[in-house]
Amino acid sequence: MPPLRPRTDRPTAALGGRTWAALVILGLTGQLAWTVENMYLNVFVYNTITDNPTVLAGMVAASAVTATVASLLVGSASDRLRRRRIFISTGYVLWGGCTAAFGFISVDAAAALGPARDAVVLTVVAVVALDCLLSFFGSGANDAAFNAWVTDSTVPANRGRVDSVLSIMPLLSMLVVFGALDGMTRAGMWQEFFAVIGLTTAAVGVLSWFLVREHPDAAPGAENYLRSLVHGLRPSAVRDSPGLYLVLAAAAVLGIAAQIFLPYLIIYLQRFLRIENYALPLAVVLVAASVASVAGGRLIDRIGKIRAILPAAGVMVVGAAGMFFARGQGPVMLAGTVMMAGFLLATAAVMASVRDFTPPGRAGNVQGLRMIFAVMIPMVVGPFIGSAVIIGANETYLDLGVLRQVPTPWIFLAAAAVALLTIVPVYLLHRLNTLHDTQHPPAAGAASGPATGAGQKTAEKKENTAP
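In this note's numbering, the protein residues as written are 656 to 1122.
Below is the structure:
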């Protein structure tokens, strides 16, 4: 049986201030842009174009597929060239330009180009097309090149901490957008809203050229580009790295669970719970969950990343079940904090495990695989589950004489049910590790590897004392 344990062949190294600055600035700015694309774009379409949840789900799915293709293409190219910076900088600039361009799309503008009865359809097509273009540049820059650079720049002993910080960036970005820019969306100032985020993203793209250093230990890809592109999709790759694909499967389950409710979250708070000042409970949830995630980063490194996944997923399930019953700001803040803290910690443990299992020379290619499992599959499956739940509940409200559908608490119960399935890939990973250890017992005095808590601590202690 091939080895199931993550790589531990690189010595432990402290991350310098410049590396941390690049991690935080690029990570946060990228998530600001993704927050607009993943959440506010849905609100923009819902408020100004159509309230059809299937349109929202279809837009999310098209974006996810495009982002995955971009990650595979750019990730493999960056592996081949041993260059991440050019893809990060150029991609962020183009990403920002596409984000700003959304401010010029409207039903009125589409009506001027054709029959009024087709204006909504034309507007939806324009939004989806631009969203796909944005997703291509954004995913190539952030999901592929930036995340491959993070893998290049970290080692197993510090990845729990790094990924716990990166995992809070989506929530911090939501907090920034809600606190500083939500008033623009409420006032219908969509052009200004998209312009601020777009120009910020482009400016950070320019800054990244001077901030990011290529890592000297990044191994070049040994295959030609086309072969490298499809390497991770081959059955032989699964046989060679079964642990990698099991943690990716866990990422898919967690992602599907989150995408059942995330695309509809703001609409749910505003329209079902009638919390007009929804920025306040969201801010409390985001800050509290982020603090819990960062605090849990060292614990993840200490007890073992694989062992941390199920307890964290269990916390998410409890919180999602609580959201089903929560009414009013107080209960929503409490249940939402538990739910999001569990999700962030589980995601950090899974993503750090993916980095540990990454084969040498394939950091960019693995980011494409991560996009398939952690983004494309969840964003294709999750929103349609949420849409089906919303349509099945058939909750509506009257808005200026128009009957609109509204999300219901059942989306959180559906998310909890899906999150419970995380136990399957984690259980299989433990079983395979046990079988591997039985058939290939470690030599006397050797560490068993970091797939479980004790083994991980032993291996990382050995790394810390390596010359």
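Glycine is no exception: its CB is placed at the ideal position from the N, C-alpha and C atoms.
For Ala755, report the span of its alpha helix (DSSP H) as first-last. Taking the sequence shown and counting its residues from 1, the one referred to as residue 755 is at position 100. That run of the alpha helix (DSSP H) goes 740-756.
Measure the beta-carbon distance from Leu901 to Pro1080 and round it to whole angstroms, keeping in mind my assumption that it falls under 8 Å. The residue given as residue 901 occupies position 246 in the sequence shown. The residue given as residue 1080 occupies position 425 in the sequence shown. Right, their Cβ atoms sit about 5 Å apart.
Collapsed DSSP secondary structure at His1085 in the structure displayed: Numbered from its first residue, the sequence shown carries residue 1085 at position 430. Of the three classes helix, strand and coil, the one that applies to His1085 here is helix, per DSSP.
Given Gly758 as reference, the closest of Ala976, Ile915, Met839, Arg738 once Cα atoms are compared: For the purposes of this step, residue 758 is taken as the residue at position 103 of the sequence shown. Nearest of Ala976, Ile915, Met839, Arg738 to Gly758, Cα basis: Met839.
Where does Trp675 land, buried or exposed, given buried means 16+ other C-beta within 10 angstroms? Residue mapping note: residue 675 aligns to position 20 of the sequence shown, counting from 1. It is exposed - the Cβ of Trp675 has fewer than 16 other Cβ atoms within 10 Å.
What is the residue span of the alpha helix (DSSP H) that Thr709 lies within? Position 54 of the sequence shown, counted from the first residue, corresponds to residue 709. Counting along the chain, the alpha helix (DSSP H) containing Thr709 begins and ends at 708-736.
Assuming Thr723 and Gly1023 are in contact, meaning their beta carbons sit under 8 Å apart, how far apart are those beta carbons, in whole angstroms? For the purposes of this step, residue 723 is identified with residue 68 of the sequence shown, where counting begins at 1. For the purposes of this step, residue 1023 is identified with residue 368 of the sequence shown, where counting begins at 1. Contact flag correct, Cβ pair sits at about 7 Å.
Are Ala944 and Leu989 close, meaning C-beta to C-beta below 8 Å? As a working note, residue 944 is residue 289 in the sequence shown. As a working note, residue 989 is residue 334 in the sequence shown. No, the Cβ-Cβ distance between Ala944 and Leu989 is not below 8 Å.
Please specify which runs of the alpha helix (DSSP H), each continuous and at least 4 residues long, are wholly inside the region 886-943, giving them in chain order. 890-895, 897-916
Name the residue from Ile704, Gly1019, Thr709 whose alpha carbon lies nearest to the alpha carbon of Val1133. Outside the displayed span of the chain (656 to 1122) sits residue 1133, for which this structure offers no information.
Pro1038, DSSP secondary structure in three states: Looking up residue 1038 in the sequence shown gives position 383. Note: Pro1038 maps to helix in three-state DSSP.
Any idea if Glu869 is buried or exposed, counting beta-carbon neighbours within 10 angstroms, 16 or more meaning buried? Counted from its first residue, the sequence shown places residue 869 at position 214. Exposed, by the Cβ-count rule.
Is Ser761 helix, strand or coil when you go by DSSP? Working through the sequence shown from its first residue, we reach residue 761 at position 106. In the structure shown, Ser761 sits in coil (DSSP, three-state: anything other than H, G, I, E or B).
On the premise that Phe1012 lies in contact with Leu827, defined as a C-beta separation below 8 Å, what is that separation, rounded to the nearest angstrom? Stepping through the sequence shown from its first residue, residue 827 is reached at position 172. Stepping through the sequence shown from its first residue, residue 1012 is reached at position 357. Not confirmed; about 27 Å, so no contact.
Along the chain, where does the alpha helix (DSSP H) that runs through Thr1002 open and close? Locating residue 1002 in the sequence shown gives position 347, counting from the first residue. Counting along the chain, the alpha helix (DSSP H) containing Thr1002 begins and ends at 984-1012.
Ile1032 beta carbon less than 8 Å from that of Ala905: To locate residue 905, count along the sequence shown from 1; it is residue 250. To locate residue 1032, count along the sequence shown from 1; it is residue 377. Their beta carbons are not under 8 Å apart, which means Ala905 does not touch Ile1032 by this criterion.
List the whole-angstrom C-beta distance separating Ile964 from Val1073, where the pair is believed to meet the contact cut-off of C-beta under 8 Å. Position 309 of the sequence shown holds residue 964. Position 418 of the sequence shown holds residue 1073. Ile964 to Val1073, Cβ: 15 Å. No contact.
Using a Cβ-Cβ cutoff of less than 8 Å, which residues in the same chain neighbour Val698 once the five nearest sequence positions on both sides are dropped? Taking the sequence shown and counting its residues from 1, the one referred to as residue 698 is at position 43. The answer, listed in chain order, is Thr840, Ile921, Ile922.
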